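FYI, the numbering for the sequence shown is 10 to 96, going by my numbering.
All C-beta atoms in this analysis are idealised placements derived from N, C-alpha and C, irrespective of residue type, glycine included.
Values in this document were obtained by computation on a predicted structure and should not be read as measured data.
For reference, the structure discussed in these notes is given below.
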Amino acid sequence: MCAIVHTMDDRKVVAMVDDKKPHETLRERFDDFKEDVDIHKAEHQQKDALKDVDRAAKHEVKSDVDLDKAADEADKAVEREEKAQEG
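Shown next as structure tokens:
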């Protein structure tokens, strides 16, 4: 809990009213802030992990397509070779 105290020149001064010492309050605020940052980092890392999984899946699909194309090319090469030997 805080109280706002006005001075003679209308500047506001915030004074701690509760029984906590200022360094305890600052430490708690720092811990809360650090926890928020850690949560944000974890969320960001989770998003990065999902992106990595998506990239890997796309890469795997592309690899499968490339393998299929290579197999088709190999089949065509065998057919050409057979035709060349016949003719």
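Reduced DSSP category for residue i - H, G, I as helix; E, B as strand; rest coil
i     : result
Met10 : Interpretation of Met10 is limited by its pLDDT of 47, a score under 50 that renders its predicted location unreliable; the figure taken from the coordinates is listed afterwards. Three-state DSSP puts Met10 in coil, outside helix and strand.
Contact test: residue i Cβ vs the ligand FAD heavy atom, cutoff 7 Å
i     : result
Asp81 : Looking at this structure, you won't find the ligand FAD or any other ligand, since it has none at all.
Min CB distance residue i to chain D below 8 Å
i     : result
Leu35 : Structure shown: chain D not included; a single protein chain is present.
Return the chain-ordered ranges of every alpha helix (DSSP H) run that is complete within the region 20-94 and spans a minimum of 4 residues.
Here no run is fully enclosed.
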